[in-house]
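What follows is a set of notes on a single structure, which appears directly below.
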Amino acid sequence: AQALSVTYTGDEGRLSFVLLNTRQTSPEDEPYVIAHEFGHLWLKAKKYAAPAYAGGRTACLSILTGDAVQHVLIRKEMDRREIEWRKPWIRTLEPALKAMEAQQNPPAPTRCQAMTQTILWIDVSLGLTDAQWPERRRFLELLTRQFPVIKPVAPELAAYLEKQDLVPREDHIRALQTVFNRLKEMTIPLADDTP
58 AQALSVTYTG DEGRLSFVLL NTRQTSPEDE PYVIAHEFGH LWLKAKKYAA
108 PAYAGGRTAC LSILTGDAVQ HVLIRKEMDR REIEWRKPWI RTLEPALKAM
158 EAQQNPPAPT RCQAMTQTIL WIDVSLGLTD AQWPERRRFL ELLTRQFPVI
208 KPVAPELAAY LEKQDLVPRE DHIRALQTVF NRLKEMTIPL ADDTP
């Protein structure tokens with residue numbers, strides 16, 4: 058991960074932190090990555106629901122469900138605030154595309170890997186156009202070919218989220234439930250991530 062946000066609640070009150078992984082993030086991309094994490098904290102401050110984090114075998118399901126829905130709102134807010142996020146994101150997608158092109162016969166994904174690739178497919182599908190990144194369509198096709206388990210779930214959820222107005226709280230919650238249930242259904246037959 059490039060970064061993650063952590064919220065601590067204790068006697069001091071509620072404190073939030075953004076932890077930046079400098080091994081995964083170039084200095085020029087740090088502002089975008091921090092802005093993205095601030096987006097998650099912004100939604101938390103606005104009291105938007107997110108799946109409860111329970112750790113263990115269900116940890117990635119709750120985190121990635123929240124990401125699928127929240128990223129739509131975060132991207133919209135970054136556009137509203139005129140924060141440049143597409144170019145830095147594309148800079149991280151290009152090496153991922155090259156790595157996929159170089160990999161032959163990847164092993165079957167575990168549950169979390171399948172969910173991660175599904176959310177990546179949704180993010181790229183909804184977050185970029187072919188004009189913004191000419192490699193977009195090739196990236197999505199290769200991702201689907203390398204991880205066939207994500208089809209048809211990734212395109213279905215992308216189409217569903219694209220049609221939703223995620224600002225009203227009840228619609229936001231309904232979208233979380235839909236994504237959670239579909240990801241869970243898709244990954245039940247897959248290998249567990251924990252030994």
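Quick note on my numbering: the sequence shown kicks off at 58 and runs consecutively. A virtual CB, placed ideally from N, CA and C, is assigned to each residue, including glycine. Please read all numbers here as calculations on a predicted model, not as lab measurements.
Count the other CB atoms within 10 Å of the CB of residue 84; is the residue buried (16 or more) or exposed (fewer)? With fewer than 16 other Cβ atoms from the protein chains shown falling within 10 Å of its own Cβ, residue 84 counts as exposed.
Residue closest to residue 147, alpha-carbon to alpha-carbon, out of 96, 186 and 243: Answer by Cα proximity: 186.
I'd like the list of long-range same chain contacts for residue 116, defined as Cβ closer than 7 Å, with 5 residues on each side in sequence excluded. 110
Identify the residues that DSSP records as bridge partners of residue 73: which are they? Partner residues in the beta bridge of residue 73, as assigned by DSSP, are 64.
Report yes if the C-beta distance between residue 192 and residue 223 is below 7 Å; otherwise report no. no
Beta-carbon proximity check, residue 203 vs residue 157, cutoff 7 Å: yes
Given residue 218 as reference, the closest of 183, 205 and 207 once Cα atoms are compared: Taking only the C-alpha atoms, the option nearest residue 218 is 183.
Looking at C-beta atoms only, is the number of pairs between the region 84–97 and the region 197–213 that lie closer than 8 Å three or more? no
Between which two residues does the alpha helix (DSSP H) containing residue 89 stretch? 87–102
Any contact between the region 116–130 and the region 92–105? By contact I mean 3 or more CB pairs, one from each, below 8 Å. yes
Taking only three categories from DSSP, how would you classify residue 145? helix
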